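In UniProt numbering, the protein residues as written are 1 to 238.
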């Protein structure tokens, strides 16, 4: 699914190199040698799939806002670095996630696609988050004034595994950018506009994915499970 969407969003007529990684469970993902973990009043563990099936999954539990200090949000996430992608390149992330019954589905950030090595503080990038159960994209860290959001899209259902695919054609203002998010195969967000930090093209880019509970602004604990993960990177021929 992620590969097909990425290719469909590509620019025809240009040779490109495709890089694809697939992790079927927590055990295989944990074998990635450069995998990092972020915790701030949070916990990341490998546990049996709570819905059965025998696979090992990641469980992310992030404490409420303020537990780690005044105005600090809870965090519990994995950091998946990759070689920097620049304007014209493509990235797709496919994740199988589950939010248990009773856990918040509001003000919970699930994925950050960001740049650590762009020379700007704060790891600028895009954030995929939940607002009242619906997926949105926060662009504040790259200077976007408004989130990408549709208020009539389906809500993420609790208590079962769902598939989220986020596909990006990267670029700056005026570039042919594209951002598509699907939930269980249904498109819930499709947007154009700058999706990289506002920097010169040779510095603008993304170089890592954070996934789990990358920020929890709720007064109580947020919990997310991750089962499978795929990353597809398509580099423009320069």
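Cβ coordinates follow ideal geometry from the N, Cα and C atoms, glycine included. Keep in mind that this is a model prediction, so the values were computed, not measured.
Touching or not, the region 108-126 and the region 206-214, by the rule of three or more beta carbon pairs under 8 Å?
Yes, the region 108-126 is in contact with the region 206-214.
Look at residue 25 and residue 227 and say whether their C-beta atoms are less than 8 Å apart.
Closer than 8 Å, so yes.
How is residue 91 classed by DSSP in three states: helix, strand or coil?
Note: residue 91 maps to strand in three-state DSSP.
Could you name the residues that DSSP lists as bridge partners for residue 245?
Since the first residue of the chain shown is 1 and the last is 238, residue 245 is not available in this structure.
Using the DSSP secondary-structure output, state which residues sit across from residue 161 in a beta bridge.
Bridge partners of residue 161: none, in fact.
Using the C-alpha atoms, what's the distance from residue 202 back to residue 217?
Spanning the two alpha carbons is a distance of roughly 34 Å.
Let me make sure I understand the geometry here. Which of 107, 187 and 162 has the alpha-carbon closest to that of residue 152?
Nearest option by C-alpha distance: 187.
Pairs of beta-carbons, one from the region 175-189 and one from the region 135-151, closer than 8 Å: are there three or more?
At 8 Å Cβ cutoff, the stretches touch.
Grab me the residues of residue 95's own chain with a C-beta within less than 6 Å of its C-beta, minus the 5 sequence neighbours each way, in chain order.
164 and 229, listed in sequence order.
Just grab the DSSP bridge partners of residue 119 for me.
According to DSSP, residue 119 bridges with nothing at all.
Mark residue 29 as exposed unless 16 or more other C-beta atoms lie within 10 angstroms of its C-beta, in which case mark it buried.
The residue in question, residue 29, is buried, as its Cβ has 16 or more Cβ neighbours within 10 Å.
To the nearest angstrom, how far is the alpha carbon of residue 220 from that of residue 92?
Between residue 220 and residue 92, the C-alpha separation is close to 31 Å.
What three-state label does DSSP hand residue 222 in the structure shown?
Three-state DSSP puts residue 222 in a strand.
Could you give the distance in angstroms between the alpha-carbon of residue 54 and the alpha-carbon of residue 47?
For residue 54 and residue 47, the distance between alpha carbons rounds to 10 Å.
How about residue 182 and residue 193: do their beta carbons lie closer than 8 Å?
In this structure, residue 193 does not lie closer than 8 Å to residue 182 by Cβ.
Is it buried or exposed for residue 40, if we count other Cβ within 10 angstroms and need 16 for buried?
Burial call: buried.
Which residues bound the alpha helix (DSSP H) around residue 103?
From DSSP, residue 103 is part of no alpha helix (DSSP H); its letter is neither H nor E.
Quick check on DSSP: helix, strand or coil for residue 155?
If DSSP states are grouped into helix, strand and coil, residue 155 belongs with coil.
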